[in-house]
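Residue numbers (my numbering): 49 to 817.
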């Protein structure tokens with residue numbers, strides 16, 4: 049009997065391993081495969097043991113080994129970067145790729161087939177071409193919204209790249225073979241259609257004014273796709289995802305989603321095993337009064353929904369309901385949503401459990417009286433309520449504790465599969481002696497400015513260009529180099545800006561944009577200066593192109609926003625801020641007193657993706673008067689800055705999947721701010737002896753802290769107010785007392801008998817639950 053069971057279990061395991069490697073090869077790291085095969089080998093040893101010299105019978109040991117294998121196979125696996133993702137990290141529009149001019153647009157498909165990769169004119173118009181079919185290992189690069197006809201990505205396609213373009217639509221087609229491991233990047237004014245397809249493990253970055261429609265209710269699925277920055281303006285439904293009743297669709301993650309004034313429905317989700325949103329903003333919906341569903345976000349027939357850091361509300365009609373949810377288990381964390389005349393949350397009959405932490409009261413309609421609702425620190429009242437009844441922490445039932453633990457564990461398991469970002473060395477095309485004899489260097493300012501004035505976008509070859517005055521960019525103008533490691537513009541004096549706005553928009557608020565890509569800016573006062581004197585106090589920078597730009601050695605700031613109207617809804621990717629006095633510096637007009645006025649210099653909905661802030665005086669210095677909203681830093685690195693984050697008067701700013709390492713000489717906390725700032729799936733290494741990383745206002749969700757260095761055990765100051773630590777892990781488990789806040793499912797303890805703790809802190813008193 050033992051040998052038969054052993055033979056069967058090994059065959060089952062080998063089939064499972066083969067299935068895992070075949071279907072998820074790109075996502076499964078080699079160490080994890082080795083672990084699986086090691087467990088298989090152990091199973092065979094146990095199964096074939098004639099002696100059975102274990103403390104249990106052979107049959108029991110077989111089942112134990114099989115359980116271990118099942119756990120190894122089904123446990124979360126850390127994904128590796130996609131090959132197309134690695135390519136996109138190299139350049140915004142690689143000059144080594146074959147270039148096709150606009151005049152040959154009709155030959156785009158044949159050229160793509162023959163060359164494999166094609167580069168198009170930035171801002172060009174290739175829409176006269178016929179529909180384009182993009183298949184495996186092909187790449188199509190534009191920039192600044194290069195216009196294309198419709199694009200079809202057929203079944204079986206993998207490792208394809210579509211970047212920097214504005215196609216009529218992008219249609220995934222075919223239901224037999226999966227479409228997987230592709231990168232869709234910087235797409236504008238389009239629509240993604242994925243009906244009856246198997247769409248798996250794809251990366252979508254910067255979908256700007258792009259609606260998403262996917263119906264796999266008859267066949268197909270959506271699995272493990274990442275959507276990083278999805279903005280939809282006016283179109284409806286903005287996001288519409290329908291799976292099948294068996295809920296094959298799962299593990300899809302939306303990071304930063306902005307739903308702007310759809311004419312009818314906003315988000316519709318149906319028949320998913322799980323789905324997650326990190327960073328969600330909506331400021332009005334159903335403007336045409338034609339919505340089918342009552343909420344901005346409508347979720348039904350779904351096992352698990354997680355939303356972290358949501359913002360906005362129906363600020364115009366004052367009647368809209370934000371959430372219409374009928375998912376089995378729901379987690380809402382860090383909600384900063386405005387209330388309206390109607391309840392902001394509708395819970396359907398299928399909802400079993402809702403857990404909310406640090407949310408605002410926006411009203412609730414509940415259709416199932418047996419739904420368990422656990423609210424922790426709602427409205428910052430330092431209370432725990434269960435089904436609207438205030439409960440003292442020590443009186444929480446085991447049932448409620450189990451619900452809290454189980455629901456949060458589901459959330460954590462998904463984050464544990466999220467790949468950690470990979471960073472390249474900071475480009476240094478001018479070398480260590482870049483400052484040598486600057487006065488004698490030839491001045492290229494006039495030549496480059498003439499190219500900008502003539503062509504709108506100046507394209508520079510590889511080389512070192514010295515300038516004696518700022519390069520001035522008006523609306524739509526820009527500079528593209530041959531690569532941040534190949535093209536560098538150096539200021540001949542530390543007193544001049546490298547790039548400055550010259551719009552002079554002083555009266556009427558006007559949206560404007562610019563293009564900077566594939567180059568390095570070095571050695572001036574400000575890398576980019578958007579101030580009232582040049583850009584104008586009514587300049588609103590919107591939908592800019594800032595990609596693969598390194599800004600280094602600036603005497604004042606890498607980017608300076610000073611007394612303009614705004615930076616609003618922008619995507620900044622693969623850029624570096626190195627050895628600047630300040631990386632990003634925001635300053636409103638000192639005379640601004642409130643309201644919608646020129647000069648208020650707000651920053652709303654700017655997404656920084658794959659950016660590095662290294663060895664700056666201050667990495668981020670965002671000091672708003674009119675509140676900022678939903679700025680995000682995703683897959684970014686903050687290392688050895690004297691001060692990392694100053695974030696004042698900002699709502700729902702968050703950092704996702706990012707890496708922080710403090711410098712030992714700093715005496716400043718990692719975060720200085722007066723509103724709640726979110727950190728999710730991020731890692732921290734403290735090198736500051738005796739100094740806490742946080743003094744308050746931090747929400748850390750599934751974060752890890754390396755505090756093994758001597759005297760760096762304190763992560764949060766005991767005076768910290770309104771701090772939240774959920775599903776966190778310390779490398780050196782240490783008690784972390786707070787003034788006010790919450791610790792849930794985190795090892796903030798050195799008591800080996802209690803590996804993780806749940807605590808509500810009220811006026812420095814820890815209340816276990």
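Quick reminder that beta carbons are idealized off the backbone N, C-alpha and C, glycines included. Because the structure is a prediction, the values reported are computed rather than measured.
Where does residue i land, buried or exposed, given buried means 16+ other C-beta within 10 angstroms?
i: residue 646; result: buried
i: residue 459; result: buried
i: residue 415; result: exposed
i: residue 119; result: Summary for residue 119: the model assigns pLDDT 37, below 50, so the residue's position carries little reliability; its value from the coordinates is reported in the next sentence. With fewer than 16 Cβ atoms within 10 Å of its Cβ, residue 119 is classed as exposed.
i: residue 284; result: buried
i: residue 806; result: buried
i: residue 812; result: exposed
i: residue 169; result: buried
i: residue 483; result: exposed
i: residue 196; result: buried
i: residue 626; result: buried
i: residue 429; result: exposed
i: residue 555; result: exposed
i: residue 384; result: buried
i: residue 146; result: exposed
i: residue 539; result: buried
i: residue 457; result: exposed
i: residue 715; result: exposed
i: residue 480; result: exposed
i: residue 515; result: buried
i: residue 491; result: exposed
i: residue 364; result: exposed
i: residue 730; result: buried
i: residue 224; result: exposed
i: residue 162; result: exposed
i: residue 280; result: buried
i: residue 712; result: exposed
i: residue 676; result: buried
i: residue 293; result: exposed
So what does DSSP say about residue i, is it helix, strand or coil?
i: residue 557; result: coil
i: residue 640; result: coil
i: residue 135; result: helix
i: residue 770; result: coil
i: residue 341; result: coil
i: residue 781; result: coil
i: residue 400; result: coil
i: residue 475; result: coil
i: residue 630; result: strand
i: residue 763; result: coil
i: residue 461; result: helix
i: residue 168; result: coil
i: residue 646; result: coil
i: residue 741; result: coil
i: residue 349; result: strand
i: residue 389; result: coil
i: residue 191; result: strand
i: residue 854; result: Residue numbering for the chain in the displayed model covers 49 to 817; residue 854 lies beyond these limits and cannot be assessed.
Within the same chain, show all residues whose beta-carbon is closer than 6 Å to that of residue i, passing over the 5 residues directly before and after it, in chain order.
i: residue 143; result: 530
i: residue 438; result: 431
i: residue 192; result: 170, 171, 563 and 593
i: residue 433; result: 423
i: residue 255; result: 235 and 278
i: residue 620; result: 594 and 656
i: residue 701; result: 679, 695 and 725
i: residue 727; result: 703, 748 and 751
Spatial neighbours of residue i within its chain, please: CB distance less than 7 Å, with the 5 preceding and 5 following residues excluded, ordered by chain position.
i: residue 801; result: none
i: residue 198; result: 179, 215, 216, 217 and 219
Can you find at least 3 beta carbon pairs, one from the region 576 to 589 and one from the region 602 to 620, that sit closer than 8 Å?
yes
Could you say if the region 367 to 381 and the region 333 to 353 meet the contact criterion of at least three C-beta pairs nearer than 8 Å?
yes
Is it true that the region 745 to 753 meets the region 774 to 786, where meeting means three or more beta-carbon pairs spaced less than 8 Å apart?
yes
Below 8 Å, can you find three or more Cβ-Cβ pairs linking the region 327 to 341 to the region 436 to 451?
Contact between the region 327 to 341 and the region 436 to 451 is absent, because fewer than three Cβ pairs lie under 8 Å.
Threshold first: 3 residues or longer. Then list the beta strand (DSSP E) segments lying entirely within the region 262 to 294, N to C.
269 to 271, 274 to 281 and 287 to 290, all fully within the region 262 to 294.
Check whether the region 150 to 163 and the region 130 to 137 are in contact - that is, three or more C-beta pairs closer than 8 Å.
no
Note down, one range per segment and in chain order, each beta strand (DSSP E) of at least 3 residues found wholly within the region 569 to 628.
574 to 579, 587 to 589, 593 to 600, 605 to 610, 614 to 621 and 624 to 626
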